[in-house]
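Enquirer: First to last, the protein sequences are chains A and B. One point on numbering: in the numbering used here, the residue at position 755 of the first sequence is 755, and numbering is uninterrupted. Convert by adding 1000 to the 1-based position in the second sequence; the result is the number in the numbering used here. Just so you know, even glycine gets a beta-carbon here, dropped at the ideal spot from N, CA and C. Below is a structure I'd like to ask you about.
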Amino acid sequence: MEREQTRRAVLGGLVGAGVVGASLSPVRELLNQFAPLSGTVWDATRHDRPERVTSPYGDATVSYDEEGVPHISANDEEALSFAAGYVQALDRGFQMDLQRRLFSGRLAEVVGESEVESDRFHRQMMFQEAAEATAEHLMGTEVEPMLSAYADGVTAGFEEGSLELGFRLLDYEPEPWTITDTTLVEKIISWTLTGSFRTLRRARLKEEFGEELTAELYRDRMDHEAPIIREEYWEEEYRLDDAGEQFERPPEATEPAVGADIVDYLSRHEPNEFLGSNSWVISEEYAAGDGPLLSNDPHLELTAPPIWYEMHLDGPEHRVRGAAFPGVPTVVIGESDFAAWGFTNAGSDVIDFYQYESDDETYEYGDETREFEITEQEIVVSGGENQTVEVKRSVHGPVIEESGQQVGLAWTGHAATETTISIYNLTKSTSFEETLDAVSKFDSPTQNFLYADRDGNTLYYTTGQHPIRYTDGDPDRGDRIFDGSAQEGEWGSGFGDGFEPFTRPTWDGFVPFEQQPHVINPEYLSTANQQIIPDDQLEYYFAESYADGYRGERIYDLLDERIESEEPVDMAFLEELGRDTYDGRAAELVEPLVDAVDGTDEEQLQNVAEILASWDYRMEPDEEAPLYFALWMAHYRERVLGEPFAEAGLGSEYYPSDGRIAALDQESRWFGPSGRGPVMRNALRDAVDEIEKAGYEIYGDISHTGVMTHLTELDFLSYPSYPRGGSGYTVWNFGREGPWGGGWEMQVDLSEDGEYLGILAGGNSGRYFDENYDSQVERWANGEYRRLSRERPDDVSITFEEGER
Amino acid sequence: MTEKQAEQTVRVRRIRTDPRIHWLAMIGAIAVGIALSTLSWLGIVVGGALVGLVATSLSRAILAGVGFGIIVILAWGVWLAWGGAVGAVFGMGIFVVIPVAMALGAAVLGSLVRGVV
């Protein structure tokens, strides 16, 4: 009897302890999230969009097509923006929220301790303050009503739509969307494209390896540059009246030292330097149809879901279809009834670095002693102890501190900018003049703007505010660290005058819009992040370095060949050009590699050399040669740089581009005493070993879409794996090591009834359970385009009805 | 033991031993358990307890608990399939193991109540 009672007590205790323990411990959260039938996570599998929505801004309709692209129609701009915000919140809400958290330094609040350093960096960089200044500047402008309606639309979408899986996994709900959140997206994109610590990295390398070896690796210009603006378009217009001569770095220029720790810290958070893009425009004269042709494929980071969101807006003043950034109400790259346009990164230098004579609270600036503006901010940490970060700024902008070291920086993106107005006006433009006016307002980032319209105009313009630096009243270059206390590297008419961070600058003393590189009505022109125009054609310092010129050179070669053949350029040719996989690195390096193997008695290497020698340098996914080349290149990079960099405590974030490595002289000291040949040979041996060990057979085994991962880095949210051709250096772009590539690929024929082609690297929905989460991945990997319609589908998915919320 | 308690004991014993009543009670327990499971994870524990109480012995109760856990998983699978999400959910790796383990663990935990009463 006693035994029976004991047994009952034990079992009763077990059940009680199990239930009470689970109810009172953190396990309860897990149970609430994941329990079958009742777990909140599983509600994400149901994504029934509301069919009727009340909008305080007026009636609108949304028709989703089979690709999950919303076609939004309204007779009022604000009603249109409200609906755009609403559908973006439904389709990409989690991505939008995670982005704003990342750049405002609030990621640890939902993710935990692992994101504290990231939050600290983003707070110190003051992106949020720059977004707030921009939002404030836009109040009262023509875009305020649109931004306001859009923000309300996003918030309504958050409230009424079924929350995405990401919110449910991290167990939080998004806060209302604000105009500042939208202007923050502009800052994110600007930073991604112009935020470079190259000046600091170069200075760090110089300290480790000396000037000469550093200059070999961090070459400012390549020999094979095929500039965007070719000789026939060099004009007097790029000359400034008052900017003196071409700036050479003065030999006596000295740089204040910057600590290694802070450069390492900053480099860990630096945007990928190798991001790039392609675009080209063909005037009516050379086009097969009766209008110009335009193409653009921006190569930003490839993520699941994509950085781009496709939408079609049909408003009272305009109709526009193309790719937007989730978080902004307007199409950024696309086509309207009147025109088509695209952007590639200009690579110009709009960021500078400053050292000070300072103590903790003050710094010298000219004859004055000034106080740093310092605020203490709290980083809320999910499941951990909250942290405090000191956010500091000087006259130049944010002052970043790490391990007792500091550096100040000035970046044009920290200003209150009008890019939103520019893009909005661009989508509504109905004339070439309106387009030029819109482009003149595009403050940041600095971009190659390419355009064609139905009146037959074509246009290339470098956009963005570009500072002219002055030291002691003389123009200066921006590729060294300045002594901020000595007022070196002042921008325009001076900090606090022409440019004051976190306010609306006058831009006084910056390169005037009219004198930025541009070509009105080019017959045909292409951009691929290469040098814009030879330095001696500009009278101001423009860029510290440009992308390797492989893509730029290749595109011009193919376009020139076609034009010279006198066969009109048609969409079929442009599709072929857009899918070109010729790798300029291979063209430069395979021959010396084959020579290096020649004469060895290793049969295996001889066989590989034979395969490479008969290769056409095309990075095709079903071939063997590109597999050998891609892995050889990775090992070659390591063989050349791995050891010396590791000894100097430098990570791979300090590696230069492959083009710079390919350009090293065969006698360079970087190859060590034995020279380049043995290094090449050893790298090939490494590659062969890796291929054998991993069982790779073709290039597609390593170059595939499976490397495109989700922001949360959860495996199951990555895209399925399909072999993908191209490399990070080919026209059809796919940098598998990023990954980066053509996230939105677009070709437009502006003839009457001309085709509009496009494809997204992934799918338009950010919802894992939605059929359009990854519906375009396979076609994108296969190099297919979709034929985009300019009409709205008949079936209405969501009806917005005017009413109070 | 009072007369009333004795009467209850007889009733419970009938539920456990009379095959017809036993299965009716089991189906009822499962139905109630599933219904409660759609509201909270505690519903799975209660469901496990109900099917356990109907069982003739503790060991059978535990088996019934496992069975109920499996039924919860199947019901969940049907619900997912109805939303067209079953394939996507089963691609979620560890995130699928968690609910499966929860269903079985909570149901068995509940079924242990059979050893108390």
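Have a look at S1037 of chain B and S38 of chain A and give me their C-alpha separation to the nearest angstrom.
Expert: Numbered from 1 along the second sequence, position 37 holds the residue referred to as residue 1037 of chain B. Numbered from 1 along the first sequence, position 38 holds the residue referred to as residue 38 of chain A. The straight-line gap from Cα to Cα measures roughly 6 Å.
Enquirer: Could you tell me whether the Cβ of G1093 of chain B comes closer than 8 Å to any Cβ of chain A?
Expert: Residue 1093 of chain B sits at position 93 when you count from the first residue of the second sequence. At least one chain A Cβ lies under 8 Å of G1093 of chain B.
Enquirer: With DSSP as the reference, label Y286 of chain A as helix, strand or coil.
Expert: Taking the first sequence and counting its residues from 1, the one referred to as residue 286 of chain A is at position 286. If DSSP states are grouped into helix, strand and coil, Y286 of chain A belongs with coil.
Enquirer: Over the uninterrupted alpha helix (DSSP H) stretch that includes S55 of chain A, give me the two end residues.
Expert: For this step, residue 55 of chain A is matched to residue 55 along the first sequence. Unbroken run through S55 of chain A is the beta strand (DSSP E), 52-55; no alpha helix (DSSP H).
Enquirer: At which residues does the beta strand (DSSP E) containing G510 of chain A begin and terminate?
Expert: As a first step, residue 510 of chain A must be located in the first sequence, where it is residue number 510. At residue 510 of chain A the sequence reads Phe, which differs from the Gly that was named. Here F510 of chain A belongs to no beta strand (DSSP E), and DSSP marks it neither H nor E.
Enquirer: Spell out whether any CB of chain B is found under 8 Å from the CB atom of L24 of chain A.
Expert: Residue numbering aside, residue 24 of chain A sits at position 24 when the first sequence is read from its first letter. False, the Cβ-Cβ gap to chain B never drops below 8 Å.
Enquirer: How far does the alpha helix (DSSP H) with E806 of chain A in it extend, from its first residue to its last?
Expert: The first residue shown for chain A is 1 and the last is 805, placing residue 806 of chain A beyond what the model contains.
Enquirer: D443 of chain A and G456 of chain A - do their beta-carbons sit closer together than 8 Å?
Expert: Indexing the first sequence from 1 puts residue 456 of chain A at position 456. Indexing the first sequence from 1 puts residue 443 of chain A at position 443. Contact: no.
Enquirer: Helix, strand or coil: how does DSSP classify H466 of chain A here?
Expert: Here residue 466 of chain A is taken as the residue at index 466 of the first sequence, counted from 1. Residue state, collapsed to three classes: coil.
Enquirer: State yes or no: is the C-beta of M126 of chain A within less than 8 Å of the C-beta of V391 of chain A?
Expert: Within the first sequence, residue 126 of chain A is the residue found at index 126, counting from 1. Within the first sequence, residue 391 of chain A is the residue found at index 391, counting from 1. Yes, these two residues count as a Cβ contact at 8 Å.
Enquirer: Is any beta-carbon of chain B found at less than 8 Å from that of T45 of chain A?
Expert: Stepping through the first sequence from its first residue, residue 45 of chain A is reached at position 45. So, interface residue.
Enquirer: For E817 of chain A, tell me which candidate among A:E804, A:G763, A:E755, A:F769 has the shortest Cα-Cα distance.
Expert: The structure shown does not extend to residue 817 of chain A, since chain A is modelled only from 1 through 805, so no value can be given for it.
Enquirer: Is the region 406-413 of chain A close to the region 144-158 of chain A, with three or more CB pairs under 8 Å?
Expert: no
Enquirer: What's the C-alpha gap between H269 of chain A and I262 of chain A?
Expert: If you number the first sequence from 1, residue 269 of chain A lands on position 269. If you number the first sequence from 1, residue 262 of chain A lands on position 262. Rounded to the nearest whole angstrom, the CA to CA distance from H269 of chain A to I262 of chain A is 11 Å.
Enquirer: Should S379 of chain A and R120 of chain A be called a contact, given that it needs their Cβ atoms to be closer than 8 Å?
Expert: As a first step, residue 379 of chain A is located in the first sequence; it is residue number 379 there, counting from the start. As a first step, residue 120 of chain A is located in the first sequence; it is residue number 120 there, counting from the start. For the sequence presented, residue 379 of chain A should be read as Ile rather than Ser. Yes; because the gap between Cβ atoms is below 8 Å, this pair is in contact.
Enquirer: Might you give, ordered along the chain, the residues of its own chain that have their beta carbon closer than 6 Å to the beta carbon of G244 of chain A, omitting 5 neighbours on each side?
Expert: Taking the first sequence and counting its residues from 1, one reaches residue 244 of chain A at position 244. Any answer about G244 of chain A is weak, because its pLDDT of 42 lies below 50 and its placement is not dependable; what the coordinates show is given next. P475.
Enquirer: Whole angstroms are fine: how far does the CA of T182 of chain A sit from the CA of H327 of chain A?
Expert: Reading the first sequence from its first residue, position 327 is the one you call residue 327 of chain A. Reading the first sequence from its first residue, position 182 is the one you call residue 182 of chain A. One detail in the question is off: residue 327 of chain A reads as Gly in this sequence, not His. Their Cα atoms are separated by approximately 5 Å.
Enquirer: By how many angstroms is the C-alpha of D483 of chain A removed from the C-alpha of P256 of chain A?
Expert: On the first sequence, position 256 is the one that residue 256 of chain A refers to. On the first sequence, position 483 is the one that residue 483 of chain A refers to. So the alpha carbons of these two residues sit roughly 6 Å apart.
Enquirer: Could you compute how far the alpha carbon of E173 of chain A sits from the alpha carbon of F167 of chain A?
Expert: The count along the first sequence starts at 1 and reaches residue 173 of chain A at position 173. The count along the first sequence starts at 1 and reaches residue 167 of chain A at position 167. Their Cα atoms are separated by approximately 6 Å.
Enquirer: I want to see whether chain B comes within less than 8 Å of N32 of chain A, judged by CB atoms only; does it?
Expert: Position 32 of the first sequence, counted from the first residue, corresponds to residue 32 of chain A. Taking Cβ atoms only, chain B reaches closer than 8 Å to N32 of chain A, which makes this a yes.
Enquirer: Under 7 Å between beta-carbons, which chain A residues line up against T1009 of chain B? List them in chain order, please.
Expert: As a working note, residue 1009 of chain B is residue 9 in the second sequence. Taking a Cβ-Cβ threshold of 7 Å, none of the residues of chain A is close to T1009 of chain B; the smallest such distance is about 15 Å.
Enquirer: Go ahead and pull the three-state DSSP assignment for Y363 of chain A.
Expert: As a working mapping, residue 363 of chain A is identified with position 363 in the first sequence. Y363 of chain A falls in the strand class under three-state DSSP.
Enquirer: Does the CB of I1070 of chain B have a neighbour CB from chain A at under 8 Å?
Expert: If you number the second sequence from 1, residue 1070 of chain B lands on position 70. Interface criterion not met: the Cβ of I1070 of chain B is under 8 Å from no Cβ in chain A.
Enquirer: In whole angstroms, give me the CA-to-CA distance for R8 of chain A and V15 of chain A.
Expert: Residue mapping note: residue 8 of chain A aligns to position 8 of the first sequence, counting from 1. Residue mapping note: residue 15 of chain A aligns to position 15 of the first sequence, counting from 1. Cα to Cα, R8 of chain A sits roughly 11 Å from V15 of chain A.
Enquirer: Please report the Cβ distance between H717 of chain A and S295 of chain A, rounded to the nearest whole angstrom; I am assuming they are in contact, meaning their Cβ atoms lie under 8 Å.
Expert: Within the first sequence, numbered from 1, the residue matching residue 717 of chain A stands at position 717. Within the first sequence, numbered from 1, the residue matching residue 295 of chain A stands at position 295. Checking the sequence shown, residue 717 of chain A turns out to be Leu, not His. That pair is no contact at about 31 Å.
Enquirer: In this structure, does DSSP put Y696 of chain A in helix, strand or coil?
Expert: Here residue 696 of chain A refers to the residue found at position 696 of the first sequence. It is coil, neither helix nor strand.
Enquirer: Output yes or no for whether 8 Å exceeds the beta carbon distance between V1046 of chain B and G1110 of chain B.
Expert: Here residue 1046 of chain B is taken as the residue at index 46 of the second sequence, counted from 1. Here residue 1110 of chain B is taken as the residue at index 110 of the second sequence, counted from 1. Result yes, Cβ atoms of V1046 of chain B and G1110 of chain B sit closer than 8 Å.
Enquirer: Which value, in whole angstroms, describes the spacing of the CA atoms of P298 of chain A and A79 of chain A?
Expert: Taking the first residue of the first sequence as position 1, residue 298 of chain A is located at position 298. Taking the first residue of the first sequence as position 1, residue 79 of chain A is located at position 79. Roughly 30 Å between the two C-alpha positions.
Enquirer: Going along chain B, which residues have a C-beta under 7 Å from F769 of chain A?
Expert: As a position in the first sequence, residue 769 of chain A is number 769, starting the count at 1. Among the residues of chain B, those whose CB is under 7 Å from the CB of F769 of chain A are A1085, A1088, following chain order.
Enquirer: Please name the residue in A:L788, A:W740, A:P720 whose C-alpha comes closest to that of D749 of chain A.
Expert: Taking the first sequence and counting its residues from 1, one reaches residue 749 of chain A at position 749. Relative to D749 of chain A, the option among A:L788, A:W740, A:P720 whose CA is nearest is A:L788.
Enquirer: If you follow the beta strand (DSSP E) that R319 of chain A is part of, which residue opens it and which one closes it?
Expert: Position 319 of the first sequence, counted from the start, is the residue given in the question as residue 319 of chain A. Counting along the chain, the beta strand (DSSP E) containing R319 of chain A begins and ends at 319-324.
Enquirer: Determine the extent of the alpha helix (DSSP H) in which E4 of chain A is found, giving its start and end residues.
Expert: For the purposes of this step, residue 4 of chain A is identified with residue 4 of the first sequence, where counting begins at 1. From DSSP, the alpha helix (DSSP H) with E4 of chain A extends over 2-24.
Enquirer: Anything in the region 5-21 of chain A with a Cβ closer than 7 Å to a Cβ of chain B? List those residues in chain order, please.
Expert: R7, R8, L11, G12, L14, V15, G18, V19
Enquirer: If you reduce the DSSP assignment to three classes, tell me which class T155 of chain A lands in.
Expert: Locating residue 155 of chain A in the first sequence gives position 155, where the first residue counts as 1. Of the three classes helix, strand and coil, the one that applies to T155 of chain A here is helix, per DSSP.
Enquirer: So, helix, strand or coil for K392 of chain A, using DSSP?
Expert: The residue labelled residue 392 of chain A in the question sits at position 392 within the first sequence. DSSP places K392 of chain A in strand when its eight states are reduced to three.
Enquirer: Within this structure, are the beta carbons of F338 of chain A and R221 of chain A separated by less than 8 Å?
Expert: In the first sequence, residue 338 of chain A corresponds to position 338, counting from 1. In the first sequence, residue 221 of chain A corresponds to position 221, counting from 1. Here F338 of chain A is not near R221 of chain A, since their CB atoms are 8 Å or more apart.
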